[in-house]
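Asks: Protein chains in written order, with this note's numbering: chain D, 14 to 178; chain Y, 14 to 178.
Every residue gets a Cβ at the ideal spot worked out from N, C-alpha and C, and that includes glycine.
If you're wondering where the values come from, they're calculated on a predicted model, not measured in any experiment.
Before I ask anything, let me first share the structure, which is written out below as structure tokens.
2 protein chains.
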Amino acid sequence: MAESGSPGGETLLFLTDEQLRKGIEAMFFAYRAFTADPDRLLEEHGYGRAHHRALHFINRQPGLTVTTLLAVLGVTKQSLNRVLRTLIEDGLVESRVGKRDKRERRLHLTEEGEALERALSEAQRGRMRAAYRAAGPQAVAGFRQVLEAMMGPDLHKLYQMMKDE
Amino acid sequence: MAESGSPGGETLLFLTDEQLRKGIEAMFFAYRAFTADPDRLLEEHGYGRAHHRALHFINRQPGLTVTTLLAVLGVTKQSLNRVLRTLIEDGLVESRVGKRDKRERRLHLTEEGEALERALSEAQRGRMRAAYRAAGPQAVAGFRQVLEAMMGPDLHKLYQMMKDE
DNA sequence: TTGGAAAGTCAACAAGGCTGACATAAAGTC
DNA sequence: GACTTTATGTCAGCCTTGTTGACTTTCCAA
Numbered sequence: 014m015a016e017s018g019s020p021g022g023e024t025l026l027f028l029t030d031e032q033l034r035k036g037i038e039a040m041f042f043a044y045r046a047f048t049a050d051p052d053r054l055l056e057e058h059g060y061g062r063a064h065h066r067a068l069h070f071i072n073r074q075p076g077l078t079v080t081t082l083l084a085v086l087g088v089t090k091q092s093l094n095r096v097l098r099t100l101i102e103d104g105l106v107e108s109r110v111g112k113r114d115k116r117e118r119r120l121h122l123t124e125e126g127e128a129l130e131r132a133l134s135e136a137q138r139g140r141m142r143a144a145y146r147a148a149g150p151q152a153v154a155g156f157r158q159v160l161e162a163m164m165g166p167d168l169h170k171l172y173q174m175m176k177d178e
Numbered sequence: 014m015a016e017s018g019s020p021g022g023e024t025l026l027f028l029t030d031e032q033l034r035k036g037i038e039a040m041f042f043a044y045r046a047f048t049a050d051p052d053r054l055l056e057e058h059g060y061g062r063a064h065h066r067a068l069h070f071i072n073r074q075p076g077l078t079v080t081t082l083l084a085v086l087g088v089t090k091q092s093l094n095r096v097l098r099t100l101i102e103d104g105l106v107e108s109r110v111g112k113r114d115k116r117e118r119r120l121h122l123t124e125e126g127e128a129l130e131r132a133l134s135e136a137q138r139g140r141m142r143a144a145y146r147a148a149g150p151q152a153v154a155g156f157r158q159v160l161e162a163m164m165g166p167d168l169h170k171l172y173q174m175m176k177d178e
């Protein structure tokens, strides 16, 4: 019941606690749907969500280093390594020694890795595309604005690191 | 590279695979930020995200049954029970035998439960409020539209079950 | 040459999903 | 009244994915 009134001349009803709670629930349910499609596919291949995330970002930034991927994913080295190791063993990801700095490992998807990434992304984009189409370009712009504002400056920096087109 | 052209007379650039991928990443980063604040608070109390979700929905629908909560959360009985048991033992949730149907357990928050829920929600709403304010009412409307379209009919039904104001 | 950064590994632990199998009480049905 | 179904709870065990802490190897850079 914080800001229910009309302090200035503007209507701030969209900042009501109730509206905020509905927004929170919308995030909860939407995120569940958002991960459901790739999850099904992953299970068939014996992988989990963590594998998907690694594949996604390696695909987006071919040649990124392990340290960068760690920062992007926001997990510990040990946690990522477990996932990365199986992907490399299974021949989905290739780890190449850095040219200038030989300590670095540059990560790339193999053809097989690209194929799985594409399938996972397809599933996820399918739902996204349907939602975008249903809501329209104006709504999509608002959607992106709110999400970007919500992620805060640090994550927004990582977000912008990913190539835009 | 599916729909890059201009099939009709309309610009469908917002349905580009690249735009969809950015949307996917926005969801990923935003959801991470979205859960970060309550997670900190939860850790101080020795609880996890699962406890937060239970508290949230019991608060929203006081007196809901276990079966309903199961449907809303989308987890198994065993998984929910582990969480619910500790909340009841710790005196945050009260389980009352149903009046008409005595098999049912009606779930309610105690005062202590309400206090924690309020604190968690406050943390989460703080970020949400800032994002909403920064993006403006128009963007918020679009945000909600896209999320609702994304969750699909089944989850949308559960979403609408929650009281709106 | 020496300190620090990048990567990898081992071990142990915790949260929170899951399945399967059962048990009980209460409702509902025939 | 006997039988079936529903709502709930519980035990046991497994998996993924996160964590901390300790330690190693390799390599860059001052």
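Would E245 (chain D) count as contacting chain Y if we go by Cβ distances under 8 Å?
Replies: Residue 245 (chain D) is absent from the structure shown; chain D starts at 14 and stops at 178.
Asks: What three-state label does DSSP hand V106 (chain Y) in the structure shown?
Replies: To locate residue 106 (chain Y), count along the second sequence from 1; it is residue 93. V106 (chain Y): strand per DSSP, three-state reduction.
Asks: Does chain Y have any CB closer than 8 Å to the CB of Y44 (chain D)?
Replies: The residue given as residue 44 (chain D) occupies position 31 in the first sequence. True, the Cβ-Cβ gap to chain Y drops below 8 Å.
Asks: Is there at least one Cβ from chain D nearer than 8 Å to E161 (chain Y)'s Cβ?
Replies: What you label residue 161 (chain Y) is simply residue 148 of the second sequence in a count that begins at 1. Taking Cβ atoms only, chain D reaches closer than 8 Å to E161 (chain Y), which makes this a yes.
Asks: Leaving out five residues before and five after K176 (chain D) in sequence, what residues of the same chain have Cβ atoms less than 8 Å from its Cβ?
Replies: By one-based count along the first sequence, residue 176 (chain D) stands at place 163. Here the set comprises R73 and Q74.
Asks: Name the DSSP beta bridge partners of T78 (chain Y), please?
Replies: Here residue 78 (chain Y) is taken as the residue at index 65 of the second sequence, counted from 1. DSSP, once it has assigned bridges, lists Y:R119 as partnering T78 (chain Y).
Asks: State the Cα-Cα distance for the pair G126 (chain Y) and L168 (chain Y), rounded to the nearest angstrom.
Replies: Translated into positions along the second sequence, residue 126 (chain Y) becomes position 113. Translated into positions along the second sequence, residue 168 (chain Y) becomes position 155. Looking at the two C-alpha atoms, the distance is approximately 26 Å.
Asks: Need the endpoints of the alpha helix (DSSP H) that L160 (chain Y) sits in, please.
Replies: Position 147 of the second sequence, counting from 1, holds the residue named residue 160 (chain Y). P150 to M174 is the extent of the alpha helix (DSSP H) around L160 (chain Y).
Asks: On the premise that L26 (chain D) lies in contact with L133 (chain D), defined as a C-beta separation below 8 Å, what is that separation, rounded to the nearest angstrom?
Replies: Along the first sequence, one-based indexing puts residue 133 (chain D) at 120. Along the first sequence, one-based indexing puts residue 26 (chain D) at 13. Wrong, their Cβ atoms sit about 39 Å apart, outside the cutoff.
Asks: If you pair each beta-carbon of the segment 156-165 of chain Y with each one of the segment 81-97 of chain Y, do three or more pairs fall below 8 Å?
Replies: No contact exists between the segment 156-165 of chain Y and the segment 81-97 of chain Y.
Asks: Strictly under 8 Å for the Cβ-Cβ distance: is R53 (chain D) near chain Y by that measure?
Replies: By 1-based counting over the first sequence, the position of residue 53 (chain D) is 40. For R53 (chain D), the answer is no, since every Cβ of chain Y falls outside 8 Å of its Cβ.
Asks: Whose Cβ in chain D lies nearer than 9 Å to the Cβ of I71 (chain Y)?
Replies: As a working note, residue 71 (chain Y) is residue 58 in the second sequence. Under the 9 Å cutoff, chain D gives no residues; its nearest Cβ is about 13 Å from I71 (chain Y).
Asks: With 8 Å set as the bound, which would you pick, yes or no: does the beta-carbon of A63 (chain D) sit closer than that to a beta-carbon of chain Y?
Replies: Here residue 63 (chain D) refers to the residue found at position 50 when the first sequence is read from its first residue. So no, A63 (chain D) is outside the interface.
Asks: Using DSSP with H/G/I as helix, E/B as strand and the rest coil, what is K90 (chain D)?
Replies: Here residue 90 (chain D) is taken as the residue at index 77 of the first sequence, counted from 1. Three-state DSSP puts K90 (chain D) in a helix.
Asks: R157 (chain Y) and A39 (chain D) look like a contact to me (Cβ under 8 Å); what is the Cβ gap, rounded to whole Å?
Replies: Translated into the one-based positions of the second sequence, residue 157 (chain Y) becomes position 144. Translated into the one-based positions of the first sequence, residue 39 (chain D) becomes position 26. At roughly 6 Å, the Cβ-Cβ gap stays under 8 Å, so R157 (chain Y) and A39 (chain D) are in contact.
Asks: Just verifying my parser: in three-state terms, what is the DSSP assignment at K112 (chain D)?
Replies: Locating residue 112 (chain D) in the first sequence gives position 99, where the first residue counts as 1. K112 (chain D): coil per DSSP, three-state reduction.
Asks: Under 7 Å Cβ-Cβ, which residues of chain D neighbour L168 (chain Y)?
Replies: Along the second sequence, read from residue 1 onward, the residue named residue 168 (chain Y) stands at position 155. Residues of chain D passing the Cβ test: F42, R45 and A46.
Asks: Spell out whether any CB of chain D is found under 8 Å from the CB atom of E38 (chain Y).
Replies: One-based indexing of the second sequence puts residue 38 (chain Y) at position 25. Output row for E38 (chain Y): interface = yes.
Asks: What do you get for Q32 (chain Y), buried or exposed, if any count of 16 or more other CB atoms within 10 angstroms of its CB means buried?
Replies: What you label residue 32 (chain Y) is simply residue 19 of the second sequence in a count that begins at 1. Its Cβ being crowded by 16 or more others within 10 Å, Q32 (chain Y) is buried.
Asks: Rounding to the nearest angstrom, what Cα-Cα distance links L77 (chain Y) and Q151 (chain Y) in this structure?
Replies: Position 64 of the second sequence holds residue 77 (chain Y). Position 138 of the second sequence holds residue 151 (chain Y). Approximately 34 Å between the Cα atoms of the pair.
Asks: Which chain Y residues are close to V153 (chain D), counting only those with a beta carbon under 7 Å from its beta carbon?
Replies: Here residue 153 (chain D) corresponds to residue number 140 of the first sequence, with the count starting at 1. Chain Y residues near V153 (chain D): F27, G155 and V159.
Asks: Say whether chain D places a C-beta atom closer than 8 Å to the C-beta of G76 (chain Y).
Replies: Position 63 of the second sequence holds residue 76 (chain Y). No, because no Cβ of chain D sits closer than 8 Å to the Cβ of G76 (chain Y).
Asks: Spatial neighbours of R118 (chain Y) within its chain, please: C-beta separation below 8 Å, excluding the five flanking residues on both sides.
Replies: Mapped onto the second sequence, residue 118 (chain Y) falls at position 105. Taken in chain order, the residues that qualify are T78, V79, S108, R109, V110 and G111.
Asks: When you compare only the Cα positions, how much space is there between Y172 (chain Y) and G104 (chain D)?
Replies: Taking the second sequence and counting its residues from 1, the one referred to as residue 172 (chain Y) is at position 159. Taking the first sequence and counting its residues from 1, the one referred to as residue 104 (chain D) is at position 91. Distance between the alpha carbons of Y172 (chain Y) and G104 (chain D): 41 Å.
Asks: For T123 (chain D) and A67 (chain Y), what's the separation of their Cα atoms in angstroms?
Replies: Translated into the one-based positions of the first sequence, residue 123 (chain D) becomes position 110. Translated into the one-based positions of the second sequence, residue 67 (chain Y) becomes position 54. The straight-line gap from Cα to Cα measures roughly 42 Å.
Asks: Rounded to whole angstroms, what's the CA-CA distance from Y60 (chain Y) to D114 (chain D)? Just pull it up for me.
Replies: Here residue 60 (chain Y) refers to the residue found at position 47 when the second sequence is read from its first residue. Here residue 114 (chain D) refers to the residue found at position 101 when the first sequence is read from its first residue. The alpha-carbon atoms of Y60 (chain Y) and D114 (chain D) are separated by roughly 43 Å.
Asks: Report back the beta-carbon spacing between L86 (chain D) and F70 (chain D) to the nearest angstrom; my notes put them in contact at under 8 Å.
Replies: Along the first sequence, read from residue 1 onward, the residue named residue 86 (chain D) stands at position 73. Along the first sequence, read from residue 1 onward, the residue named residue 70 (chain D) stands at position 57. About 7 Å separates the two Cβ atoms, so the contact holds.
Asks: Would DSSP call G126 (chain D) helix, strand or coil?
Replies: Mapped onto the first sequence, residue 126 (chain D) falls at position 113. Three-state DSSP puts G126 (chain D) in a helix.
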